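These notes are about the structure you will find just below.
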DNA sequence: GGCGAAGTGACAGTCACTGACAATAGGCGT
DNA sequence: ACGCCTATTGTCAGTGACTGTCACTTCGCC
């Protein structure tokens with residue numbers, strides 16, 4: 093019964109998250125996910141290329157938002173400025189999605205196979221950022237380096253915000269880019285400690 | 093027949109690389125690898141946790157070298173200085189291993205599953221660097237950021253050297269860290285182009 | 001010359017994932 | 001209302017990665 097298509101997909105995602113939380117990722121079979129969603133195992137693989145992908149969705153929209161953010165930066169902006177603006181443009185989205193992201197992260201944290209997939213997802217975003225920078229006129233190799241470094245800072249800020257949501261993601265992002273500057277240009281402290289706040 | 097144990101392991105690795113090059117990774121079964129190595133499929137999985145790992149080996153030694161490099165840096169060195177020294181300490185190893193690395197990279201480049209595994213391997217090295225920095229007194233979060241940024245620069249340098257081995261890995265590494273500094277502290281060009289040489 | 005440990009073969013089984021074909025529901029024009 | 005077309009799903013059969021178990025062989029050692 094082809095109810096709506098997107099409906100089955102959503103149920104599959106919910107079922108997957110539920111089961112992964114109940115029994116863990118490894119102990120859950122794709123057949124069980126399909127059964128809880130009220131479809132066949134075959135249908136699961138029509139909606140997701142593999143078992144892991146049931147946990148990752150909406151990445152396309154996120155990538156597009158980041159890309160747009162980079163391209164929308166003022167013409168005089170340096171690569172790192174453009175990246176920072178792009179990250180700021182998705183702050184709200186990330187903060188709003190926290191209730192959805194939080195349980196997902198818990199599952200990912202204790203599943204090596206899922207952590208591995210997160211890395212490729214992040215790499216995909218990094219590539220998109222790199223290409224966006226390149227389209228702004230940044231030399232290809234430099235764009236790659238900038239995208240990777242910026243993404244590292246962004247991931248660092250997000251992780252910090254996840255453990256300590258208090259000051260808001262924006263503050264963590266500012267702090268991360270500030271620390272990044274201190275690290276790379278680090279004139280001062282040979283003791284290699286960052287300034288307090 | 094337990095000839096030597098390590099012997100079978102080495103033959104399995106060679107067989108795997110050969111077959112991956114001949115038919116591609118996906119089109120090669122673990123049974124075929126085992127057969128060419130003169131053992132059973134079961135033995136393959138006694139030596140490697142999964143099919144991908146047959147291509148990745150000696151990573152432990154590499155990680156130890158990087159860690160030692162960080163810890164051996166002079167006491168006054170900044171985190172980025174320590175990382176650069178660590179990377180320099182493995183330059184020779186990488187350059188010498190090029191004949192072995194080159195065919196492997198060709199297989200990896202055209203196999204998404206292997207590229208994904210590379211990312212987790214790199215993440216493992218980054219974690220090791222982060223912990224080494226942390227043991228030097230660098231605050232944990234900052235150490236993570238520094239390790240990721242440094243690893244990005246290192247990967248960038250290595251990739252560039254791979255395509256253009258001419259000036260040597262050392263030059264590429266110097267250049268990468270220089271570009272990194274320009275990016276983060278980017279005083280000059282808003283046009284975001286890097287200085288020529 | 002037996003003896004324990006390490007390495008291996010053989011066998012059976014689970015599970016992720018795929019290809020092919022039939023069946024059904026819903027939208028659309030007539 | 002009727003048939004048509006398309007998208008979605010069910011069904012079936014199959015491949016291949018990976019695991020558990022047990023028996024066997026080889027090696028080092030006393």
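Residue numbers (the working numbering), protein chains in the order written: chain A, 93 to 289; chain B, 93 to 289.
Glycine included, each C-beta is placed from N, C-alpha and C at the ideal position.
In this text the structure is predicted, and so the values were computed from the model without any measurement.
Ignore the nearest five residues each way along the sequence and tell me which others in residue 142 of chain A's own chain have a CB closer than 8 Å to its CB. Answer for residue 142 of chain A: no residue qualifies.
Inset, instruction - Closer than 9 Å by beta-carbon distance: list the chain B residues that pair up with residue 118 of chain A, in chain order. - result: When 9 Å is used as the limit between beta carbons, residue 118 of chain A is near no residue of chain B, the shortest such separation being about 13 Å.
inquiry  = Contact defined as beta carbons within less than 8 Å: I believe residue 107 of chain A pairs with residue 128 of chain A. What is the distance between those atoms, to the nearest angstrom?
reply    = About 4 Å separates the two Cβ atoms, so the contact holds.
Simplified DSSP state of residue 92 of chain A, which is helix, strand or coil:
As displayed, chain A neither begins before 93 nor continues past 289, which places residue 92 of chain A out of reach and without an answer.
(message) Closer than 9 Å between beta carbons: that is the criterion. Which residues of the stretch 168-197 of chain B meet it against chain A?
(response) Within the stretch 168-197 of chain B, 168, 169, 170, 171, 172, 173 and 174 place their CB atoms closer than 9 Å to a CB of chain A, listed in sequence order.
Got a sec: is the Cβ-Cβ distance from residue 237 of chain B to anything in chain A below 9 Å? yes
For this session: Between the Cα of residue 302 of chain A and those of A:223, A:187, A:204 and A:201, spot the shortest distance and give me the residue it belongs to.
Result: Outside the displayed range of chain A (93 to 289) lies residue 302 of chain A, so it cannot be described from this structure.
| Ranges of the alpha helix (DSSP H) found wholly within the stretch 121-177 of chain A, counting only runs of at least 4 | 122-129, 133-139 and 151-163
- Item | chain A contacts from the stretch 251-273 of chain B (Cβ-Cβ distance under 9 Å) | 251, 252, 268, 269, 271, 272 and 273
- When you check each C-beta in the stretch 206-218 of chain A against every C-beta of chain B, which residues fall closer than 7 Å? 208, 211, 212 and 215
Three-way DSSP call (helix, strand, coil) for residue 229 of chain B in this model
Here DSSP, grouped into helix, strand and coil, assigns residue 229 of chain B to coil.
List the residues of chain B that residue 222 of chain A touches, going by C-beta distances under 9 Å, in chain order.
Chain B residues near residue 222 of chain A: none, gap ~11 Å exceeds 9 Å.
Mind pulling the chain B residues with CB within less than 7 Å of residue 241 of chain A?
-> 241, 244, 272 and 275
ask   = Closest to residue 116 of chain A by CA distance: which of A:195, A:274 and A:264 is it?
value = A:195
Chain A within 9 Å of residue 130 of chain B, Cβ atoms only: Look at residue 130 of chain B: its C-beta is not under 9 Å from any C-beta on chain A.
Chain B beta carbons: is any one of them nearer than 9 Å to that of residue 320 of chain A? No information on residue 320 of chain A is available, as it lies outside the stretch 93 to 289 that chain A covers here.
**Asked** Roughly how many angstroms separate the alpha carbons of residue 282 of chain A and residue 244 of chain B, rounded to a whole number?
**Response** Residue confidence for residue 282 of chain A is low, a pLDDT of 45 falling below 50, so the modelled location carries little weight; the figure read from the coordinates is stated next. Using only the alpha carbons, I get a separation of about 22 Å.
Output the distance between the C-alpha atoms of residue 109 of chain B and residue 205 of chain A, rounded to the nearest integer angstrom.
23 Å
>> Quick check on residue 234 of chain B - is its C-beta less than 9 Å from some C-beta in chain A?
In response: yes
Since I believe residue 162 of chain B is in contact with residue 234 of chain B (beta carbons under 8 Å), could you give me their beta-carbon distance rounded to a whole number of angstroms?
Wrong, their Cβ atoms sit about 14 Å apart, outside the cutoff.
### Task
Have a look at residue 172 of chain A and residue 179 of chain A and give me their C-alpha separation to the nearest angstrom.
10 Å
Residue environment, residue 292 of chain B, which counts as buried when at least 16 other CB atoms sit within 10 Å:
Because chain B spans 93 through 289 in this model, residue 292 of chain B falls outside it and cannot be assessed.
If you measure between the beta carbons of residue 199 of chain A and residue 136 of chain A, is that distance less than 9 Å?
no
Residues in the same chain with beta-carbon distance under 6 Å from residue 183 of chain A, minus the five sequence neighbours each way, listed in chain order, please.
261 and 262
**Prompt:** Taking just the CA atoms, how far does residue 114 of chain B sit from residue 104 of chain B?
**Reply:** Inter-residue distance for residue 104 of chain B and residue 114 of chain B is about 15 Å (C-alpha atoms, whole angstroms).
Worksheet entry | Close-in-space but distant-in-sequence residues of the same chain around residue 155 of chain B (CB under 8 Å, 5 per side omitted) | 216, 217 and 220
Grouping DSSP H, G and I as helix and E and B as strand, with all else coil, what is residue 197 of chain B? In the three-state scheme derived from DSSP, where H, G and I count as helix and E and B as strand, residue 197 of chain B is classed as helix.
- Can you have a look at residue 222 of chain A and say buried or exposed, based on whether 16 or more other CB atoms are within 10 angstroms of its CB? buried
Check your understanding: residue 148 of chain B: which of B:232, B:273, B:208 and B:269 sits nearest, CA to CA?
Key -> Out of B:232, B:273, B:208 and B:269, B:208 has the C-alpha closest to the C-alpha of residue 148 of chain B.
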